[in-house]
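In the UniProt record's numbering, the protein residues as written are 1 to 381.
1) Among residues of its own chain, excluding the 5 on either side of residue 29, which ones have a beta-carbon nearer than 6 angstroms to its beta-carbon?
2) Less than 8 angstroms between the C-beta atoms of residue 273 and residue 304, yes or no?
3) Identify which residue in 206, 56, 319 has its Cα closest to the Cα of residue 372.
4) Helix, strand or coil: which one does DSSP assign to residue 293?
5) According to the neighbour-count rule (16 or more other Cβ atoms, all chains shown, within 10 Å of its Cβ), is residue 80 buried or exposed?
6) To the nearest angstrom, how far is the alpha carbon of residue 118 from that of residue 128?
7) I'd like the span of the alpha helix (DSSP H) that includes residue 116, first residue to last.
8) Assign residue 351 to one of three DSSP states: helix, strand, or coil.
9) For a quick check, are the C-beta atoms of residue 201 and residue 77 less than 8 angstroms apart?
10) Go through its chain and collect everything with a Cβ distance to residue 241's Cβ below 8 angstroms, but skip five positions before and after it.
11) Count the other CB atoms within 10 Å of the CB of residue 245; is the residue buried (16 or more) or exposed (fewer)?
12) Could you tell me whether the stretch 20–27 touches the stretch 158–174, where touching means 3 or more Cβ pairs closer than 8 angstroms?
13) Can the beta-carbon of residue 111 be found less than 8 angstroms from the beta-carbon of residue 363?
14) With a threshold of 8 angstroms on Cβ separation, who are the neighbours of residue 188 within its own chain once the five nearest residues in sequence on each side are excluded?
15) By Cβ distance, which residues of its chain are closer than 7 angstroms to residue 212, with the 5 residues on each side in sequence left out?
16) Run the CB neighbour count on residue 183, radius 10 Å, all protein chains shown included, and call it buried at 16 or more, exposed below.
17) If residue 40 and residue 226 are in contact, beta carbons under 8 angstroms, what's the gap, nearest whole angstrom?
18) Tell me the rounded alpha-carbon separation between residue 195 and residue 344.
19) By DSSP's criteria, residue 78 is part of a beta bridge. Which residues make up the other side?
20) Determine, using beta-carbon pairs with one atom in the stretch 62–70 and one in the stretch 329–347, whether at least three such pairs fall under 8 angstroms.
21) Counting Cβ pairs closer than 8 angstroms, one from the stretch 347–357 and one from the stretch 281–301, do we hit at least three?
22) What residues match up with residue 127 in a beta bridge as DSSP calls it?
23) If I measure Cβ to Cβ from residue 38 and keep anything under 6 angstroms in the same chain, skipping five residues before and after, which residues do I get?
24) Based on Cα-Cα distance, which residue from 321, 263, 33 lies nearest to residue 281?
25) Report all residues from its chain with a CB closer than 7 angstroms to the CB of residue 43; omit the five preceding and five following residues, and keep chain order.
26) Once you ignore the five residues that flank residue 193 on each side, which residues in its own chain have a CB closer than 6 angstroms to its CB?
Structure representation (C-alpha cells):
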C-alpha cells in the first residue's frame with residue numbers, strides 16, 4: 001500500500017482490498033443515497049475566511065465531561081468492524097489510544113466490550129442500541145459500567161432499519177450469504193479472504209452471545225438483531241436509562257431543535273447531531289445544516305456533538321465554528337482500517353489532525369475554544 005495523503009486515498013485502498021459486498025456495506029447509504037451525498041456536499045458549501053498574522057502554535061485540546069482529550073474528534077460507534085480487518089475493534093481502540101482520542105464501542109462490535117476495555121488504556125465510551133425489552137439495555141449498561149466506560153451513547157435513530165439498497169442487492173443483512181457471486185468476489189480478494197473470512201477471528205456479534213448463546217450461528221445472530229428492534233422506544237425509556245447509567249449520557253440521532261429540547265428535559269448530558277451517516281431516512285438534511293438551529297435552542301453550555309460526512313480536517317473546523325463541541329468520525333477511520341489495519345486507522349487520524357491544525361492556522365484560531373470566533377458563511381452552489 002502506498003502512503004495515503006487524504007481520506008479518499010484510504011477509501012480507494014479499502015475499495016480495492018474488500019469484496020464488493022463488504023465495501024458496499026461500509027460505503028453505502030439508504031435508498032437513493034441523497035442524504036449520504038448531502039452530508040458531504042453541505043460541508044463544501046461552507047466558506048471559511050482566512051486571517052493573516054495571527055501566528056503561534058495550535059492547541060487541539062478538548063475539555064468535555066471533566067476529561068481532557070487531545071483532539072476534538074472521537075472515533076464514533078460502528079458495528080461489524082471485524083469484517084474489514086481481523087479484530088477490527090481492537091485495532092480501532094489501539095489507534096485511538098495512541099492518538100489520544102476517544103473510541104466509542106458499539107453494541108454490534110465483533111469483540112466484547114469487556115475485552116476492548118481490558119486491552120485499551122484510552123478513553124472509552126459505550127454505544128447502546130435500545131433493542132428488545134428493558135432487560136437487554138440494563139444488562140449491557142451493567143457490563144459497561146463494570147468495565148469502566150466513561151460515557152454512554154444511546155442511539156435512537158435506528159428503531160427501524162433503513163432501506164440500504166446496496167446491501168439488499170447483495171443479500172447482506174448483518175451476515176454474508178454465500179453464493180457463487182460471493183465466492184468469486186472473495187477469491188478475487190485473497191488478502192481479505194485469508195485474513196478475515198478464513199482466519200481465526202471470523203467476526204461475530206460478540207456482545208449478544210449472552211442473549212442467544214455461545215453456539216449461535218451467524219444467521220441466528222443476524223436474526224436476533226432484526227427481531228429486537230424496538231419502534232416503541234420512548235422518552236420514558238430514555239429517562240429509565242438516565243436513572244440506570246451513572247455517568248455522562250448522550251443521545252445520538254438528534255436532527256431537530258424540538259428533539260434536542262426533549263433530550264435535555266429527559267436529563268441527558270449531551271446530544272449528537274446525526275443522521276446515521278445517511279443510512280436511515282434518505283432525504284433527511286445534512287447534519288451540518290441543522291447544527292446551528294439545534295445549538296440555538298439549547299442552554300449555552302449544553303454539549304452538542306456532530307457526525308456525518310467528515311472527510312477533512314477543515315470539516316471538523318467548520319463544525320466547531322458553528323458551535324459543535326466536537327465531532328464523531330464514522331467512515332474515515334474505517335476506510336483506514338479496511339485499507340491497512342491499525343496503521344491505516346492511525347494514518348486517518350493523523351491526516352485529520354494535520355489538516356485541522358493547518359486550517360486553524362489559516363483562519364487564525366489558536367485553540368479549539370477560539371474557533372467559534374472564526375468568520376464563516378454558507379454559499380449554496
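Heads up, the beta-carbon is just placed ideally off N, CA and C, and yes, glycines get one too.
Note that this is a predicted model, so its numbers are computed, not measured.
Judging by the given coordinates:
1) 36, 278, 279
2) yes
3) 319
4) helix
5) buried
6) 19 angstroms
7) 113–119
8) helix
9) no
10) 128, 130, 137, 141, 152, 154, 249
11) buried
12) yes
13) no
14) 19
15) 220, 221, 224
16) exposed
17) Residue 40 to residue 226, Cβ: 29 angstroms. No contact.
18) 16 angstroms
19) For residue 78, which the question treats as bridged, DSSP gives no partner whatsoever.
20) no
21) no
22) 153
23) 286
24) 33
25) 288, 309, 315, 318
26) 186
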